[in-house]
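K.L.:
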Amino acid sequence: MNIKSSNNLSKSHIVPVYNQKEKINFFNKNKFEKEIKTLLKEFSFKGNSLETKELYIEKQHIILLGLSKEPELEELRKAGNTIYNISKNLEEISVEIPFEKEKQKAFLEGLMLSNYSFDKYFSKKNPCKTTVSILNIESKIIKEIKEITNVVKEVRDLVNENSDITTPEYIEKISKDFAKKHKLPSKILNEKQIEKQGLNLLHAVGKGSDKPPRLIVIEYIGDKSSKEKTALVGKGITFDTGGTNLKPSGFVEDMKLDMGGAAIAYGTFKYLVEQKVKKNLILVLSCAENAISDRAYKPGDVIKSYNGITVEVMNTDAEGRLVLADALSYTQKHFKPTEIIDMATLTGACPVALGPSIIAILGNNKKAISSIFESGEVTGERCWELPIYDEHREMLKSPIADCKNLGGKFGGTITAAAFLEQFIEKNITWTHLDIAGAAWFKAPKNYIPQYATGIGVRLLSNYIINKK
Ligand code: BES
Ligand code: ZN
Ligand code: ZN
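In structure tokens:
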């Protein structure tokens, strides 16, 4: 799909309309208005939101698109998807989006995010070749939305790719290449260094696999005058078999998704660096494969974390919190962030609690939580806060270690966050995002495809860019 700004109508043309008092109204003056109204008398088109109707006026193919009189951003993203579905088999189409900039952007997001398919493994590819001309729009708006949506699509590709390709070593390679390209300082720990330096939780999770773990850190200083520094920490389990607590059929099939947190952290960082934002950022990716093998860590093991807290492993499938814990401690010790946002496909309990697409948000700072929540309301990547109470902290008690990695049957998303909280030092703003549902859709929904969604990149970019 080629999307450009233009002043000319194409062979097919989309006209948005709205219904008021059971009548079709136009947002702008339209040269076909009279003819359209005459033709509409013969049809039962109501112009309700996202309803479409195709008409021919002489040789002009017109598609009416119903919208609310004052459409919200998410409705316009969905409208972008409706237009994508209509356009994809046409040669050329033009669209009017008679709204202010933010609404034009939402429409473009919906259109561009819909234009995605993970087609690498199809023997016959069928890319969308349509030319879409957008009337009365500044080209720089198209460019801006292309940039962010391309990053979202890159994240989708990373998560959809075979886990034998997107190994910790592969994630190291793309991160290194990115750091090199932008001349950013980076620090990467290989398996030996992870073990030697005492990141024993990360080491334990990775040791069952022949694809060794990596801890990847890249720094970006966009504002030398500020002491603020935000760390984006991602769970990068490149495949989660569950380990000795092996996942059964029905649960294991999607588990290449388990580096989704690392992928959106990487995508967000990449986007913000490329936009040259005036913020200080640290990207931290904690990568390992949670494999089943005779070398894998075992239930019952007590392991000493990087910061000294000992953990009784009650379940080798609760591995995400382990690799994150060491990454959090390492980041705080060596990079001194003022804020940490970690993101992880951490618990199956998250979609059980909040539904399949909502991000659970937990942390220690009300202001950060509510700002991220508000960003989600704007970008359409919804978040909902869950609490962490002492009741939950107590659920992590172990008879032989400082804590265990499992909280029991109930409140799984919260006890996982309570586990991470133990590794957060005083005075650091910490927010944890559980994206277990949001990172991967079992079925497509509007402008989000089936499987990897890329949800989180627009959310966090919005939050960081608008941060005071
Ligand atoms: N990667 C999974 C969580 C997950 C499940 C993500 C489904 C996306 C979809 C995580 O490592 C895990 O296995 N969590 C366990 C925790 C349990 C053992 C306490 C879970 O959710 O069942
Ligand atoms: Zn697991
Ligand atoms: Zn996992």
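Start counting the sequence shown at 2; every next residue gets the next number (the working numbering). Don't be surprised by glycine CBs; every beta carbon is placed ideally from N, CA and C.
1) Just curious, the beta strand (DSSP E) that Leu91 is in, first and last residue?
2) Along the chain, where does the alpha helix (DSSP H) containing Ile149 start, and where does it finish?
3) Span of the alpha helix (DSSP H) holding Pro169?
4) Suppose contacts are defined by Cβ-Cβ distances below 8 Å. Is Gln105 in contact with Ile64 by that definition?
5) Once DSSP output is grouped into helix, strand and coil, what is the label at Gln21?
6) Report yes if the CB atom of Lys79 is closer than 8 Å to the CB atom of Leu51, and no otherwise.
7) Looking at the strands, I want to know which residues DSSP matches up with Gly364.
8) Beta-carbon separation of Thr432 and Ala345 under 8 Å?
9) Name all residues in chain order for which at least one heavy atom of ligand 3 lies closer than 5 Å to the residue's CB.
10) Heavy atom of ligand 1 less than 7 Å from the Cβ of Ala350, yes or no?
11) Rounding to the nearest angstrom, what Cα-Cα distance links Glu395 and Ile310 in this structure?
12) Starting from the C-beta of Ala264, find all residues in its chain whose C-beta is less than 6 Å away, skip the five residues before and the five after it, and write them out in chain order.
13) Can you name the residues that DSSP bridges to Ser7?
14) Please give me, in chain order, every unbroken run of the beta strand (DSSP E) with length at least 3 that falls completely inside the stretch 361 to 416.
15) Distance check for Asp343 and Lys60, CA to CA, integer angstroms please.
16) Which term fits Asn163, buried or exposed, when burial requires 16 or more other beta carbons within 10 angstroms of its beta carbon?
17) Helix, strand or coil: how does DSSP classify Asp120 here?
18) Could you tell me whether any Cβ in chain B is nearer than 8 Å to the Cβ of Leu51?
19) Whether or not the stretch 233 to 245 and the stretch 276 to 289 are in contact is what I'm after, with contact meaning three or more pairs of Cβ atoms, one per stretch, closer than 8 Å; do they touch?
20) In chain order, which alpha helix (DSSP H) runs of at least 4 residues are fully inside the stretch 206 to 288?
21) Ser330: buried (16+ other C-beta within 10 angstroms of its C-beta) or exposed?
22) Give me, in chain order, the residues of the same chain whose beta-carbon lies closer than 6 Å to that of Lys47; leave out the 5 immediate sequence neighbours on both sides.
23) Which first and last residues belong to the alpha helix (DSSP H) in which Gln61 is found?
24) Taking C-beta to C-beta, are Leu247 and Ala328 nearer than 8 Å?
25) Is it a yes or a no for the stretch 423 to 431 touching the stretch 358 to 374, going by three-plus beta-carbon pairs under 8 Å?
26) Looking at the strands, I want to know which residues DSSP matches up with Thr53.
27) Taking the alpha-carbon positions, what's the Asn86 to Ser95 distance?
28) Looking only at C-alpha atoms, which of Phe374, Asp302, Tyr122, Ala266 sits nearest to Ser399?
29) Could you give the DSSP three-state label for Leu200: helix, strand or coil?
30) Considering only C-alpha positions, which residue in the set Leu109, Lys38, Val153 is nearest to Ser140?
31) Cβ-heavy atom distance between Leu77 and ligand 1 below 7 Å?
P.N.:
So, from the listed chains and residues:
1) Here Leu91 belongs to no beta strand (DSSP E), and DSSP marks it neither H nor E.
2) 140 to 161
3) 169 to 182
4) no
5) strand
6) yes
7) Thr432
8) no
9) Ile238, Asp241, Asp259, Gly321
10) yes
11) 16 Å
12) Val156, Leu159, Val160
13) Leu136
14) 384 to 386
15) 55 Å
16) exposed
17) coil
18) Any reference to chain B falls outside this structure, which holds one protein chain only.
19) yes
20) 261 to 275
21) buried
22) Asn20
23) Unbroken run through Gln61 is the beta strand (DSSP E), 61 to 68; no alpha helix (DSSP H).
24) no
25) yes
26) Leu66
27) 14 Å
28) Asp302
29) coil
30) Leu109
31) no
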